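With our numbering applied, the sequence shown covers 8 to 483.
Okay, so here's the structure we're looking at.
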Amino acid sequence: MEMPKIDPFTLARKDELVRALRTVLPEDAVVHAETELRAYECDALTAYKCPPLAVVLPRSTEEVSKVLRICHDMNIPVVPRGAGTSLAGGSLPTADSVILGVARLTEVLEVNYDDRFVRVQTGRTNLSVTGAVEADGFFYAPDPSSQLACAIAGNIAMNSGGAHCLKYGVTTNNLLGVTLVQMDGTVVEIGGAHMDAGGLDLLGVVCGSEGQLGVVTEATLRVLPKPEGARPVLIAFDDNETAGACVADIIKAGVLPVAIEFMDRPVIRATEAFAGAGYPDVEALLIVEVEGSEAEIDEQLGLIEEIARRHGPVELRRSTSDDESARIWLGRKSAFGAMGQINDYMCLDGTIPVSELPRVLRGISDLSERYGLKVGNVFHAGDGNMHPLILFDANKPGDLELCEEMGAEILKLCVEVGGCLTGEHGVGVEKRDLMGHQFTADDMEAQMRVKDVFDPKWLLNPAKVFPLATTAERRA
């Protein structure tokens with residue numbers, strides 16, 4: 008994949024840049040040695056690597072503002088970075104850029120249970136937000152699979168979801184306000200500790216903007232009381248399409264589980280070898296979880312099991328204890344790590360209408376056969392957020408390119424059935440060349456004009472989302 012090359016003039020100014028950054032940051036907050044920069048040359052899309060000019064690790068909104076002002080004045084691009092867990096190359100640096108990492112912005116700034124919010128610095132990990140409030144009976148709902156490591160900043164940039172977004176929504180549904188630092192160093196407050204703000208919904212514009220409009224340093228997040236109880240049921244099938252049809256029927260029936268997760272045979276076998284969760288050896292299984300009182304749980308699971316039986320499941324296993332619930336979820340939570348042990352893979356995240364699950368699963372199977380690459384499916388079935396894992400050999404010449412070509416066909420299929428290119432990973436560099444498949448030139452121009460307003464020089468997170476030629480034109 009083509010990335011912008013470093014400008015010799017910019018390289019010559021590196022020493023000047025580092026000196027300027029050290030006037031506003033402690034020495035240990037400016038990383039510029041070649042060996043140390045290697046740690047930042049890629050994110051979780053490891054197929055592509057490019058070391059930046061430098062890395063800065065500020066500890067406050069004020070320091071972020073000073074760094075951005077320096078880079079703005081010197082015309083140095085800036086790539087915001089959370090924990091680097093992006094699967095779409097969202098925090099991949101360019102050779103002429105500075106990475107602004109938020110890893111040291113980890114403070115809990117305010118907790119308010121009366122109004123049900125918590126305000127945190129955005130370098131804090133997703134799971135640790137719940138960790139800050141769970142002793143008092145509250146939790147933060149969005150739960151990406153990488154929640155142990157991923158940062159709130161990245162969650163906001165990509166509008167991340169997770170297994171429980173079917174009931175609780177994704178990041179944008181749980182985000183109340185942000186402190187945003189613009190590229191010229193201006194600090195603005197958007198939203199706040201209330202349900203809605205007057206005027207245009209700029210918070211909705213910022214959430215999911217992939218770090219192209221500003222750097223979010225603080226966030227006000229909605230927290231919720233823990234449910235009285237929760238219980239999953241495991242439903243196993245002898246083919247993928249039947250499992251997909253079962254999901255569609257559950258949603259159509261008006262039942263609202265907290266989560267519906269899908270795994271197919273390759274993923275089931277990999278997770279069993281990795282975690283030993285006790286899954287049956289079948290073509291596909293669903294994990295459906297509901298919440299509420301014991302009576303509510305029993306009623307909801309009864310309806311779900313009644314729907315599932317119409318599709319002839321191989322096994323129906325309702326959890327009867329906390330330990331059994333943990334084991335049912337163990338394999339699903341281990342799936343990505345388990346697959347990584349057996350093969351290189353590319354993880355996609357196209358999103359489709361739930362009713363199209365059988366058709367898309369059939370299409371993925373056909374593409375797998377055509378391209379000769381195996382696919383493991385593990386995804387958030389309840390909201391149609393697909394996560395096909397295309398297996399390839401990174402050491403085999405041409406395999407990565409073949410994988411990318413197949414991935415593009417899967418994402419095009421998602422768009423063709425009424426879905427979109429990305430559900431929670433973002434466009435990044437992975438899908439920027441497919442934007443024209445979903446959007447017209449006028450659609451993209453409208454989006455780019457929003458960036459023009461927030462970042463007139465087009466210095467924030469370059470080479471992402473929009474075609475490279477466009478970025479070059481805007482920066483000229």
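All C-beta atoms, glycine included, are put in the ideal place defined by N, C-alpha and C.
Fair warning: this is a prediction, and the values are worked out from it, not measured in the lab.
Whole-number beta carbon distance between residue 112 and residue 467, since they are thought to touch under 8 Å: Not confirmed; about 17 Å, so no contact.
Residue 444 beta carbon less than 9 Å from that of residue 267: no
8 Å contact criterion, which residue 271 and residue 166 should meet: CB distance rounded: Going by Cβ atoms, the distance from residue 271 to residue 166 rounds to 26 Å, so no, they are not a contact pair.
Segment contact, 8 Å Cβ cut-off, at least three pairs: the segment 326–345 with the segment 375–382: no
Reference residue 363, options 350, 392, 354, 353, closest by Cα: Distance from the Cα of residue 363 is smallest, within the candidate group 350, 392, 354, 353, for 392.
Residue 164 beta carbon less than 9 Å from that of residue 97: yes
Straight-line Cα distance separating residue 57 from residue 399: 22 Å
Buried versus exposed, by CB contacts within 10 Å (16 or more), residue 30: exposed
Residue 77 versus residue 397: straight-line alpha-carbon distance, rounded: Going by the C-alpha atoms only, they are around 42 Å apart.
As assigned by DSSP and simplified to three states, the class of residue 324: Residue 324: strand per DSSP, three-state reduction.
From 72, 298, 92, 238, residue whose alpha carbon lies closest to that of residue 195: 72
Buried or exposed by the 16-neighbour rule on C-beta atoms within 10 Å, applied to residue 316: exposed
Residue 175 to residue 182 span [Cα, whole Å]: 12 Å
Under 9 Å between C-beta atoms of residue 311 and residue 262: Going by C-beta atoms, residue 311 is nearer than 9 Å to residue 262.
One or two residues paired with residue 352 in a DSSP bridge: 398
Residues bridged to residue 224 (per DSSP): According to DSSP, residue 224 bridges with nothing at all.
Any 3 or more C-beta pairs closer than 8 Å across the segment 403–410 and the segment 279–287: no
Which of helix, strand or coil DSSP assigns to residue 383: strand
DSSP three-state assignment for residue 99, whether helix, strand or coil: Residue 99 carries a coil assignment under DSSP once its states are collapsed to helix, strand and coil.
Residue 154 (DSSP reduced to helix, strand or coil): coil
Residues bridged to residue 197 [DSSP beta-bridge criterion]: 185
The segment 408–422 contacting the segment 185–201, beta-carbon criterion three pairs below 8 Å: The segment 408–422, when compared against the segment 185–201, does not touch it at the 8 Å Cβ threshold.
Distance between residue 41 and residue 123 (C-alpha atoms, nearest Å): 45 Å
Same chain, Cβ closer than 7 Å to residue 25, neighbours up to 5 away in sequence not counted: 37, 39, 61
Proximity winner among 92, 69, 81, relative to residue 46 (alpha-carbon distances): 92
Exposure label - residue 325; buried when at least 16 CB within 10 Å: buried
Which residues DSSP lists as bridging residue 436, in chain order: Answer is none; residue 436 lacks a bridge partner.
Start-end ranges of the beta strand (DSSP E) lying completely within the segment 46–94, minimum 3 residues: 61–63, 85–88
Length at least 4, wholly inside the segment 16–43: the alpha helix (DSSP H) runs in chain order: 21–29
Three or more C-beta pairs below 8 Å linking the segment 97–109 and the segment 462–481: yes
Simplified DSSP assignment, three categories, for residue 470: coil
Helix, strand or coil at residue 271 according to DSSP, with G and I counted as helix: strand
Unbroken alpha helix (DSSP H) run spanning residue 308, endpoints: Per DSSP, residue 308 belongs to the alpha helix (DSSP H) from 301–316.
Cutoff 6 Å; reference residue 279; Cβ partners in own chain excluding five residues on either side: 286
Within 9 Å, strictly: CB atoms of residue 296 and residue 235: no
Complete alpha helix (DSSP H) runs within the segment 217–262 (minimum length 4 residues, chain order): 247–259
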